[in-house]
Amino acid sequence: METSGFRPGQARIVSIAALALGDDGNVEQSLYSLLNPGVDPGPTHVHGLTADMLEGQPTFGDIVDHLVELLDGRTLVAHNVGFDYSFLAAEAELVNRELPTDTVMCTVELARRLDLGTENLRLETLAAHWGISQIRPHDALDDALVLAQILKPVLLRARERKVWLPVHPVSRRRWPNGVVTHDELRPLKAVASRLPCPYLNPGRYVAGRPLVQGMRIALSAEVGRTHEELIERILHAGLAYTDTVDTETSLVLCNEAQPAQGKGYHARELGVPLASDAEFMRGIDGVVGGTGIDDFYDTTLAGAQFALF
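Taking our numbering, the leading residue of the sequence shown gets 3, the next gets one more, and so forth.
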């Protein structure tokens, strides 16, 4: 999509393109339209759309039924999906509609997880990396077509490298300004750190040995992968994520051998081992089983005296 500015609910969508893809990656349905935003079209030098070009075009309310039909039951995929979803949700609320979107995936975040070695993660850069022609940058339809073509090799690479797809649930909560922000699309670290781990903490990690379920893992800022991806892998493996570093922490992920500040430095001061996120990812598939909390407690003592505890 192209917009008249950067603030959903105030700036408006001036052109929109959406492609519904089948399991084979081919386009099954499509929607493309210029939109009359009812406001100044904004950065014409970027999207090339003038007020005269948009006069007489449909409004978002005119195309919302088609868009809802196309989105229903599908994951919304976009390059910087937080931006796109925020605008779509704001526009839908202005016409008293709600998007049927339950999950979203950001291809910027996915490309970052693949370590492609590109100079940046802009759409045109990824298109060039995969040998895909981009005819009209910042044209909603051309951008959507390019992204659809990029998605095939990107998903294949993710499967080959066993990279988890950054598919996130969408919060239905409406904030006072009616806008769902990108932060709502990401799991909060505070929530993840409070999730109970079903395994006892086996202690500190020892280099060269496998990770053990129940180990408490903290993340420094000095890592190459997103914290969201790492937290997903930590929790799925039966490890525990912690947002603080203390004597109970088993391992801190940090790509600097001698960190001078932050969680990495604090870990060194406490004698907590460090490992790079690359080392961690190499070992994540070899996590060994831990001691379950239920296994630890002697249930033979659970008589009447202990029934309340």
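In this text, a Cβ means the ideal position worked out from N, Cα and C, and glycines have one as well.
Spatial neighbours of V110 in its chain, beta-carbon cut-off 7 angstroms, leaving aside the 5 residues before and after: Working through the sequence shown from its first residue, we reach residue 110 at position 108. H81, N82 and L123, listed in sequence order.
The ligand FAD heavy atom lying under 7 angstroms from the CB of L123: Of the ligands one can find in the structure shown there are none, so the ligand FAD has no counterpart to examine.
Under the three-state DSSP convention, the category I15 falls into: One-based indexing of the sequence shown puts residue 15 at position 13. Of the three classes helix, strand and coil, the one that applies to I15 here is strand, per DSSP.
Buried versus exposed call for S135 [16 or more other C-beta atoms within 10 Å across all chains shown]: As a working note, residue 135 is residue 133 in the sequence shown. Taking all protein chains in view, the Cβ of S135 is surrounded by fewer than 16 other Cβ atoms within 10 Å, so the residue is classified as exposed.
Proximity of D64 and A53 at Cβ, strictly below 8 angstroms: In the sequence shown, counting from the first residue as 1, residue 64 sits at position 62. In the sequence shown, counting from the first residue as 1, residue 53 sits at position 51. It is not a contact, given that the beta carbons lie outside the stated cut-off.
The segment 85-99 in contact with the segment 135-148 per 3-pair CB rule at 8 angstroms: Segments in contact, no.
R14 versus T293 - alpha carbon distance: Along the sequence shown, one-based indexing puts residue 14 at 12. Along the sequence shown, one-based indexing puts residue 293 at 291. It is roughly 54 angstroms from the alpha-carbon of R14 to the alpha-carbon of T293.
Classification of P39 by the beta-carbon crowding that lies within 10 angstroms, buried from 16 upward: Counted from its first residue, the sequence shown places residue 39 at position 37. Burial call: buried.
Selection from S35, P275 and S278 that minimises the alpha carbon distance to D144: Your numbering for residue 144 matches position 142 in the sequence shown. Closest by alpha carbon: S35.
Simplified DSSP state of E224, which is helix, strand or coil: Here the question's residue 224 lines up with position 222 in the sequence shown. Here E224 sits in coil by DSSP.
Under 8 angstroms between C-beta atoms of I219 and L255: As a position in the sequence shown, residue 219 is number 217, starting the count at 1. As a position in the sequence shown, residue 255 is number 253, starting the count at 1. Result yes, Cβ atoms of I219 and L255 sit closer than 8 angstroms.
Residue range of the alpha helix (DSSP H) that includes H47: Locating residue 47 in the sequence shown gives position 45, counting from the first residue. T46 to H49 is the span of the alpha helix (DSSP H), which, as asked, contains H47.
Per DSSP, cross-strand counterpart(s) of E271: Working through the sequence shown from its first residue, we reach residue 271 at position 269. None; E271 has no bridge partner.
Presumed contact (8 angstroms Cβ cut-off) between L116 and R163, rounded CB distance: The sequence position of residue 116 within the sequence shown is 114, counting from 1. The sequence position of residue 163 within the sequence shown is 161, counting from 1. About 7 angstroms separates the two Cβ atoms, so the contact holds.
In DSSP terms, what Q263 is bridged to: Counting from one through the sequence shown, the residue named residue 263 turns up at place 261. Answer is none; Q263 lacks a bridge partner.
Sequence-distant residues of its chain with Cβ nearer than 6 angstroms to L329 (five each side left out): The displayed coordinates of the chain run from 3 to 311. Any statement about residue 329 would go beyond what the structure contains.
G75 to L90 span [Cα, whole Å]: Position 73 of the sequence shown, counted from the start, is the residue given in the question as residue 75. Position 88 of the sequence shown, counted from the start, is the residue given in the question as residue 90. CA-CA distance, G75 to L90, rounds to 16 angstroms.
Contacts around I286, its chain only, beta-carbon distance under 6 angstroms, and the 5 residues preceding and following it disregarded: Here the question's residue 286 lines up with position 284 in the sequence shown. Correct list, in chain order: R235 and A239.
Secondary structure of G294, DSSP reduced to three states: Position 292 of the sequence shown, counting from 1, holds the residue named residue 294. Assignment of G294 by DSSP, reduced to helix, strand and coil, places it in the strand class.
Cβ distance (whole Å) where A328 is taken to contact P10 below 8 angstroms: As displayed, the chain neither begins before 3 nor continues past 311, which places residue 328 out of reach and without an answer.
Residue interval of the beta strand (DSSP E) (run including Y34): Along the sequence shown, one-based indexing puts residue 34 at 32. Start and end: V29 to L36.
Secondary structure of R99, DSSP reduced to three states: Within the sequence shown, residue 99 is the residue found at index 97, counting from 1. Coil at R99, not helix or strand.
Cβ-Cβ distance between T46 and L73 below 8 angstroms: Position 44 of the sequence shown holds residue 46. Position 71 of the sequence shown holds residue 73. It is not a contact, given that the beta carbons lie outside the stated cut-off.
DSSP state of L241 mapped onto helix, strand, coil: For the purposes of this step, residue 241 is taken as residue 239 along the sequence shown, with counting starting at 1. L241 falls in the coil class under three-state DSSP.
Rounded separation between H229 and G210 - CA only: Along the sequence shown, one-based indexing puts residue 229 at 227. Along the sequence shown, one-based indexing puts residue 210 at 208. Straight-line Cα distance between these residues: approximately 24 angstroms.
Exposure label - Q215; buried when at least 16 CB within 10 Å: Translated into positions along the sequence shown, residue 215 becomes position 213. So Q215 ends up on the buried side.
Cβ shell of S252 (< 6 angstroms), same chain only, five flanking positions each side left out: Working through the sequence shown from its first residue, we reach residue 252 at position 250. Setting aside the 5 residues that flank it on each side, S252 is surrounded in the same chain by R206, Y207, M217 and R218, each with a C-beta closer than 6 angstroms to its C-beta; the list follows chain order.
Three-way DSSP call (helix, strand, coil) for M107 in this model: The residue given as residue 107 occupies position 105 in the sequence shown. Residue state, collapsed to three classes: strand.
Minimum C-alpha distance to L69 - residue among G133, M3 and T127: Within the sequence shown, residue 69 is the residue found at index 67, counting from 1. Closest option to L69, Cα to Cα, is M3.
A129 - containing beta strand (DSSP E), residue span: By one-based count along the sequence shown, residue 129 stands at place 127. Unbroken run through A129 is the alpha helix (DSSP H), L125 to H131; no beta strand (DSSP E).
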